[in-house]
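Contents: one structure, followed by commentary.
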Amino acid sequence: MSQILPLRIRVRRALVTVIALATSHVYAQGNRYELVENWAQLPDGMVWGQVIAVDTDQAGNLIALHRCSSDTCVGQSEPPLLKFNPSGELLMSWGEGLLVWPHGLDIDADGNIWVTDGRHEGGKGEVIFKFSPDGEVLMTIGTPGISGDGPYTFDGVCDVVVAANGNIFVADGHVNNRVVKYSAAGRFLMAWGQAGTGPGEFDMPHSIDIDSQGRVFVADRGNNRVQIFDQEGRYLDEWTQFGRPSGVFISANDRLFVADSQSVDGVNPDFEMGIYYGSAVDGSVEGYIGDILTESVTEDANGVLFSGLVANRGLIRYEPE
104 MSQILPLRIR VRRALVTVIA LATSHVYAQG NRYELVENWA QLPDGMVWGQ
154 VIAVDTDQAG NLIALHRCSS DTCVGQSEPP LLKFNPSGEL LMSWGEGLLV
204 WPHGLDIDAD GNIWVTDGRH EGGKGEVIFK FSPDGEVLMT IGTPGISGDG
254 PYTFDGVCDV VVAANGNIFV ADGHVNNRVV KYSAAGRFLM AWGQAGTGPG
304 EFDMPHSIDI DSQGRVFVAD RGNNRVQIFD QEGRYLDEWT QFGRPSGVFI
354 SANDRLFVAD SQSVDGVNPD FEMGIYYGSA VDGSVEGYIG DILTESVTED
404 ANGVLFSGLV ANRGLIRYEP E
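Numbering-wise (the numbering used here), the sequence shown opens with residue 104 and increments by one.
Spelled out as structure tokens, the structure:
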């Protein structure tokens with residue numbers, strides 16, 4: 104006897120089939136980037152901790168955020184922030200003693216460096232720091248050492264991005280499942296989201312970025328999707344074709360890069376861990392870099408990719424072929 108499925112189930116199965124075919128095509132295309140090993144030069148005696156985030160400034164320098172040669176900065180004397188020139192030489196380091204569990208990173212249009220601290224201990228953590236290009240603390244958002252879901256408290260804060268007008272968007276994701284918006288001066292404006300699977304709901308919003316149209320892209324990792332909003336929190340769209348997103352980055356010309364660190368059999372089984380890249384305009388997937396376990400990715404002005412390794416502790420560079 105034939106079985107007639109409800110339209111919603113048939114559409115869902117069709118979408119899954121299309122996504123599986125599309126990702127198989129992406130894997131078949133191969134990798135358009137070449138790995139450059141041992142690019143970054145650490146000083147004698149310093150080793151990588153978990154490299155959780157990377158970004159580049161307008162001069163082409165790379166900022167890497169790592170967990171102080173360990174998996175936490177508690178009790179460590181190493182600096183969590185490292186700045187490298189385009190040749191991989193360390194220019195400066197800073198942040199010793201400030202952070203508990205570094206997590207997110209963004210460099211704004213003025214070259215200021217924004218960092219999220221995702222845990223609290225000893226009166227520190229669960230805050231967002233704004234540093235000058237020289238490493239001076241310019242602003243702190245949040246209540247150091249206190250977790251919560253109020254306008255100026257976070258719980259497992261993941262990432263931050265600064266819009267063209269200076270407004271600040273925060274992925275407060277490990278516990279609170281929300282996006283928080285602040286003015287350029289750090290004044291609370293609004294928040295949206297709650298735990299769930301529906302449009303505008305989240306299951307660990309782990310990373311955040313903004314495209315040239317001003318749309319806010321959120322890596323809704325636990326729901327295996329990237330959700331897209333306007334800057335007032337209105338839901339616009341969601342994309343599942345970029346895997347299970349731990350990190351999102353959008354270039355100036357709207358290329359979208361997504362770091363997938365969790366897709367395995369039983370968890371998003373139609374995808375594989377790696378870096379997916381494509382268009383932030385229409386959501387088309389152009390390619391995939393495999394054999395990498397990363398939660399972050401960025402692209403410089405020359406099309407070079409950088410990615411931080413958490414479990415394997417390191418920094419890698421990919422040059423376009």
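Cβ atoms here follow ideal geometry from the backbone N, Cα and C, with glycine treated the same way.
Sequence-distant residues of the same chain with beta carbon closer than 6 Å to residue i, five excluded per side
| i | result |
| --- | --- |
| Pro-236 | Gly-214 |
| Ile-353 | Asp-312, Asp-314, Leu-359 and Ala-383 |
| Trp-197 | Pro-182, Leu-184 and Gly-238 |
| Ala-143 | Phe-187, Gly-191 and Leu-418 |
| Glu-402 | Ser-354 and Leu-408 |
| Arg-318 | Ile-331 |
| His-309 | Cys-261, Gly-276, Ala-322, Arg-324 and Ser-349 |
| Phe-257 | Glu-229, Gly-245 and Asp-275 |
| Gly-395 | Note on identity: in this sequence residue 395 is Ile, with Gly being the wrong assignment. Correct list, in chain order: Gly-377. |
| Ala-267 | none |
| Thr-300 | Asn-326 |
| Asn-371 | Asn-327 and Arg-347 |
| Pro-189 | Gly-163 |
| Asn-141 | none |
Cβ shell of residue i (< 7 Å), same chain only, five flanking positions each side left out
| i | result |
| --- | --- |
| Gly-386 | Trp-342 and Gln-344 |
| Asp-340 | Ile-331 |
| Tyr-136 | Ile-392, Leu-408, Tyr-421, Glu-422, Pro-423 and Glu-424 |
| Gly-406 | Pro-423 |
| Gln-106 | A caution first: Gln-106 carries a pLDDT of 41, below 50, which makes its placement in the model unreliable, though a value can still be read off. Excluding residues within five positions, none has a Cβ falling inside 7 Å. |
| Phe-374 | Thr-126, Gly-346, Arg-347, Asp-363 and Ser-366 |
| Gly-200 | none |
| Val-150 | Ser-172 |
Residue j beta carbon less than 8 Å from that of residue i
| i | j | result |
| --- | --- | --- |
| Val-273 | Ile-231 | yes |
| Gly-276 | Phe-305 | yes |
| Asp-220 | Val-263 | no |
| Val-282 | Val-329 | no |
| Glu-398 | Ile-244 | no |
| Asn-270 | Ser-250 | no |
| Gln-334 | Arg-347 | no |
| Tyr-338 | Pro-302 | yes |
| Asn-280 | Ala-298 | yes |
| Tyr-379 | Asp-363 | yes |
| Gly-163 | Ala-414 | no |
| Asp-174 | Ile-166 | no |
| Val-240 | Ser-410 | no |
| Pro-146 | Leu-193 | yes |
| Asp-211 | Val-265 | yes |
| Gly-336 | Met-293 | yes |
Those residues which DSSP pairs with residue i across a bridge
| i | result |
| --- | --- |
| Ile-166 | Asp-158 and Lys-186 |
| Thr-219 | Gly-207 and Ile-231 |
| Met-242 | Lys-233 |
| Phe-345 | Paired residues: none, contrary to the question. |
| Arg-358 | Ser-382 |
| Glu-137 | Glu-422 |
| Ile-331 | Phe-320 and Asp-340 |
| Ala-298 | Phe-305 |
| Ile-249 | Bridge partners of Ile-249: none, in fact. |
| Val-150 | Beta-bridge pairing links Val-150 to no other residue. |
| Ser-180 | Per DSSP, none; premise fails for Ser-180. |
| Gly-411 | Ser-399 and Leu-418 |
| Glu-192 | Gln-144 |
| Glu-389 | Bridge partners of Glu-389: none, in fact. |
| Ala-274 | Asp-262 and Val-282 |
| Asp-363 | Pro-348 and Gly-377 |
| Ser-172 | According to DSSP, Ser-172 bridges with nothing at all. |
| Ser-315 | Beta-bridge pairing links Ser-315 to no other residue. |
| Glu-199 | In the DSSP output, where bridge partners are listed per residue, Glu-199 has none listed. |
Inter-residue CB distance, residue i and residue j (contact presumed, cutoff 8 Å)
| i | j | result |
| --- | --- | --- |
| Arg-416 | Gln-153 | 6 Å |
| Lys-227 | Pro-247 | 6 Å |
| Asn-134 | Gly-381 | That belief does not hold up - the Cβ atoms of Asn-134 and Gly-381 are roughly 14 Å apart, past 8 Å. |
| Gly-289 | Met-242 | 6 Å |
| Gly-253 | Val-278 | Not a contact, Cβ separation roughly 13 Å. |
Cβ neighbours of residue i in the same chain (closer than 8 Å, five flanking residues each side left out)
| i | result |
| --- | --- |
| Gly-225 | Val-177, Val-203 and Gly-248 |
| His-223 | Val-203, Glu-229, Pro-247, Gly-248, Ile-249 and Ser-250 |
(Q) Check whether the segment 188-204 and the segment 158-170 are in contact - that is, three or more C-beta pairs closer than 8 Å. (A) As far as the Cβ criterion goes, the segment 188-204 touches the segment 158-170, which means the pair count is three or higher.
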